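Okay, structure first, notes after.
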Amino acid sequence: MQARHLLTAAAMTLAIAACKPAQQEAPAKPKPQVILVEADAPPRPMKPELPPLFDDIERRTFQFFWDTTNELNGLTPDRYPSRPFASIASVGFALTAYPIGIENGWVSRNQAIDRTLTTLKFFRDVPMGPQRTGKAGYKGFYYHFLDMQEGRRYDSWVELSSVDTALLMMGVLFAQSYYDGDDPREKEIRQIADSLYKQVDWPWLQQRAPLISMGWFPESGFIDHDWMGYNEAMMVYILALGSPSHPVSPDAWTVWTRTYDNDWGVYQGQEYLSFGPLFGHQYSHVWIDFRDIQDAYMRERGSTYFLNSRSAALAQREYAIANPMNWKDYGENVWGLTASDGPQNTTQEYRGEQRQFRHYSSRGAGLRENFDDGTIAPTAAVSSIVFAPEEVIPATVEMHKRYGDYIYSSYGFLDSFNPSFNYDIPIKTGRLVPDRGWVASDYIAIDQGPILTMIANYRDDFVWEVMKKNPYIRKGLERAGFSGGWLAPEGEFQPLQLQKDEKAAAARAVGIAESRAAAAQEQKNNANRNTGQGK
1 MQARHLLTAA AMTLAIAACK PAQQEAPAKP KPQVILVEAD APPRPMKPEL PPLFDDIERR
61 TFQFFWDTTN ELNGLTPDRY PSRPFASIAS VGFALTAYPI GIENGWVSRN QAIDRTLTTL
121 KFFRDVPMGP QRTGKAGYKG FYYHFLDMQE GRRYDSWVEL SSVDTALLMM GVLFAQSYYD
181 GDDPREKEIR QIADSLYKQV DWPWLQQRAP LISMGWFPES GFIDHDWMGY NEAMMVYILA
241 LGSPSHPVSP DAWTVWTRTY DNDWGVYQGQ EYLSFGPLFG HQYSHVWIDF RDIQDAYMRE
301 RGSTYFLNSR SAALAQREYA IANPMNWKDY GENVWGLTAS DGPQNTTQEY RGEQRQFRHY
361 SSRGAGLREN FDDGTIAPTA AVSSIVFAPE EVIPATVEMH KRYGDYIYSS YGFLDSFNPS
421 FNYDIPIKTG RLVPDRGWVA SDYIAIDQGP ILTMIANYRD DFVWEVMKKN PYIRKGLERA
481 GFSGGWLAPE GEFQPLQLQK DEKAAAARAV GIAESRAAAA QEQKNNANRN TGQGK
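Numbering (the working numbering), first residue to last: 1 to 535.
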């Protein structure tokens, strides 16, 4: 395990203050609330005011990125304090976090510029190539995990990742748009960011065109799976469509959205495009404001991807209230399933039934991809604040109040907790708290990032407004067929198409029938498990 960089004096003070949640103080600087999004647009409804707890969450979560990133190369660890390797996705969130720190007065603009330049120069200069070792990436893509010090591929099991490169590039393009001053260093940031994005050879991963592969291994070649069905890959296709140097054709988006059909239906009273873990409904939305824009798929169904994510969050909350697996503490203010740490890969008896538990795993509740072992990840709810503030704010406050002594520390919420897991067996990570269950010991960067950025978006659309200035993002959206809202010509407001037409109704009918069939199959599977016939 590698040694941690020394905390700054300010971070030390913050860490000491973390001992008791009740002693938190909010930052002195208030933030304005922005109501209008476009000229001539109708005002948005007033948003619920955030309690002081969110000031504290935001500050601590920012400090995670500032303190744990290697200041010599800009690499951010995948997790902390374990800190085994860097994650390129973590770096994308870190590059987005630094301007949030500037705007709040937590770091100076000069400090953030220095850190950002260090990061971008590292990715510009690091060795690239098809060799199995000693390289950080190939064809403009980077390996999912890199060594924290040298920045080379961490191990032979680490893939060249399209989606993690996309997360990195979203941070790179955010930096390009935010640092817009005449300072030579800011100009250099923009230039390097431009070159990094332009070097990504998106068509190279279209081995089964027009879909895009999940990645590549130097040992075995392209990963057999393409990005299909609704998930976090919206940003992959938007970035690939917007590329000025290696663009994919618009039919990539068209064909990708055709694979959605199996994911549309009704779940927990919500009719929407389903993906079980909430991260799939959050990641692309960190940088892109989907509130007032639509592609052909959503126009046809009278919805938006923003409203879709709201439905996903509400469905998960309803699932927790229904609590079909009878997990401890689930309810209207204790909910949130996503990819997260868990206690252990094991099967144990729980209330008279054999239940499977997992370590790190994707967890979710939706039409098809469901796994729930009682592990709650605070990021799932907190990062949904822009979609469902009336439900997320009380959930965040209650989870902090009930479990804060165990799950809230120096950098905000630890990754996850499981009140139902109280087994005296070896656990993979984390710890058991008497009468409280299992608690994670790590913060995970790709869970921390959405917390910080979505709170910033909720307050004043900060990340969204910066990213709207980026011509590559606009181009990618327009080539995907998005229109309306902030994509409309300047000074115009194009209302959303929320009328339900016959074609949309037919599509929904298909989705509803499929969701009912899937629910029946799930009930059958549960019955088999209860009788010992299933696995």
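Cβ atoms here follow ideal geometry from the backbone N, Cα and C, with glycine treated the same way. Since we're looking at a predicted model, the values are computed, not measured.
Relative to the C-alpha of residue i, which candidate in the options has its C-alpha closest?
| i | options | result |
| --- | --- | --- |
| Trp-541 | Ser-162, Arg-479, Asp-194, Phe-174 | Residue coverage of the chain in this structure runs from 1 to 535, which leaves residue 541 outside it and unanswerable. |
| Met-148 | Glu-71, Pro-184, Gln-206, Lys-121 | Glu-71 |
| Glu-300 | Thr-76, Arg-258, Pro-277, Gly-331 | Arg-258 |
| Trp-64 | Asp-155, Ala-440, Tyr-80, Asn-110 | A small fix is needed here, since residue 64 is Phe in this sequence, not Trp. It is Tyr-80. |
| Ile-552 | Phe-62, Asp-78, Met-46, Arg-59 | The requested residue 552 does not occur in the structure, where the chain is confined to residues 1 to 535. |
| His-246 | Leu-160, Arg-363, Ser-195, Pro-218 | Ser-195 |
| Gly-101 | Ala-89, Arg-115, Ile-88 | Arg-115 |
| Ala-89 | Pro-130, Arg-459, Ser-284 | Ser-284 |
| Arg-355 | Val-439, Phe-62, Phe-371 | Phe-371 |
| Pro-450 | Met-46, Gly-92, Trp-66 | Gly-92 |
| Met-46 | Glu-390, Leu-307, Leu-160, Tyr-472 | Glu-390 |
| Pro-378 | Arg-368, Ala-440, Leu-95 | Ala-440 |
| Arg-351 | Ser-383, Glu-369, Tyr-423 | Tyr-423 |
| Arg-124 | Ile-473, Val-200, Gly-276, Ala-456 | Val-200 |
| His-359 | Trp-438, Ser-410, Pro-48 | Trp-438 |
Need the endpoints of the alpha helix (DSSP H) that residue i sits in, please.
| i | result |
| --- | --- |
| Gln-494 | First-last for Gln-494: undefined, no H or E at that position. |
| Trp-202 | Note, Trp-202: premise wrong, no alpha helix (DSSP H); not H, not E. |
| Arg-317 | 305-322 |
| Gln-111 | 109-125 |
| Gly-242 | 234-242 |
| Glu-465 | 462-467 |
| Ser-245 | Note, Ser-245: premise wrong, no alpha helix (DSSP H); not H, not E. |
| Thr-257 | 251-258 |
| Phe-290 | Segment: none, Phe-290 is in no alpha helix (DSSP H) and carries neither H nor E. |
| Arg-60 | 52-68 |
| Leu-477 | 471-479 |
| Met-128 | From DSSP, Met-128 is part of no alpha helix (DSSP H); its letter is neither H nor E. |
| Thr-165 | 162-178 |
| Glu-300 | 296-301 |
Taking DSSP as the reference, what is the three-state secondary structure of residue i?
| i | result |
| --- | --- |
| Ile-444 | strand |
| Met-148 | coil |
| Phe-93 | helix |
| Trp-216 | strand |
| Phe-222 | strand |
| Glu-398 | helix |
| Val-433 | strand |
| Ile-376 | strand |
| Gly-276 | coil |
| Val-386 | coil |
| Glu-271 | strand |
| Leu-211 | coil |
| Asn-418 | strand |
| Gln-23 | The predicted position of Gln-23 is uncertain, since its pLDDT is 36 and thus under 50; no value can be drawn from it. |
| Gly-449 | helix |
| Lys-524 | helix |
| Arg-83 | coil |
| Thr-13 | With a pLDDT of 35 at Thr-13, under the threshold of 50, the modelled position of that residue is not reliable, and no figure is offered here. |
| Arg-537 | Residue 537 cannot be examined here, being either before or after the span of the chain that is shown, 1 to 535. |
| Tyr-154 | coil |
| Tyr-142 | strand |
| Tyr-98 | helix |
| Gly-342 | coil |
Under DSSP, the beta strand (DSSP E) around residue i begins and ends at which residues?
| i | result |
| --- | --- |
| Thr-76 | Premise fails: Thr-76 is in no beta strand (DSSP E) and is neither H nor E. |
| Tyr-267 | 264-267 |
| Gln-354 | 353-357 |
| Val-439 | 437-439 |
| Glu-349 | 346-350 |
Quick one: residues in its chain with C-beta nearer than 8 Å to the C-beta of residue i, no 5 flanking neighbours on either side, listed in chain order?
| i | result |
| --- | --- |
| Gly-151 | Asn-73, Leu-75, Ala-86, Phe-122, Val-126, Ala-136 |
| Gln-270 | Ser-311, Ala-312, Leu-314, Ala-315, Glu-318 |
| Ile-293 | Thr-304, Leu-477, Phe-482, Ser-483, Gly-484, Gly-485, Trp-486, Leu-487 |
Please return the same chain residues whose Cβ sits closer than 6 Å to the Cβ of residue i, not counting the five positions on each side in sequence.
| i | result |
| --- | --- |
| Arg-479 | Leu-241, Pro-250 |
| Asp-295 | Ala-480, Gly-481, Phe-482 |
| Lys-374 | According to the sequence provided, residue 374 is Gly. The question's Lys does not apply to it. Around Gly-374: Trp-327, Asn-418, Ser-420. |
| Gln-207 | Ser-213, Phe-222 |
| Asn-333 | Pro-394, Ala-395, Glu-398 |
| Gln-176 | Arg-190, Ala-193 |
| Lys-524 | none |
For residue i, which residues of its own chain have a beta-carbon under 7 Å away from its beta-carbon, when the five flanking residues on both sides are left out?
| i | result |
| --- | --- |
| Met-145 | Here residue 145 is Phe; the residue named in the question, Met, does not match the sequence. Same-chain partners within the cutoff: Asp-78, Phe-85, Ala-86, Ser-87, Tyr-154, Val-158. |
| Thr-346 | Phe-357, Ile-425 |
| Gly-476 | Ile-238, Leu-239, Leu-241, Gly-242 |
(message) I'd like to know if the region 412-425 and the region 336-350 are in contact, where contact means that at least 3 CB-CB pairs between them fall below 8 Å.
(response) In short, these stretches touch, since the Cβ pair count reaches three.
(message) Three or more C-beta pairs under 8 Å: does that hold for the region 274-289 against the region 450-469?
(response) With the cut-off at 8 Å, the region 274-289 and the region 450-469 touch.
(request) Kindly confirm or deny that the region 484-498 and the region 253-268 touch, where touching means at least three C-beta pairs closer than 8 Å. (result) Not touching, per the Cβ criterion.
(request) Decide if the region 223-230 is in contact with the region 261-275; the criterion is three or more beta carbon pairs, one per stretch, under 8 Å apart. (result) Contact between the region 223-230 and the region 261-275 is present, because at least three Cβ pairs lie under 8 Å.
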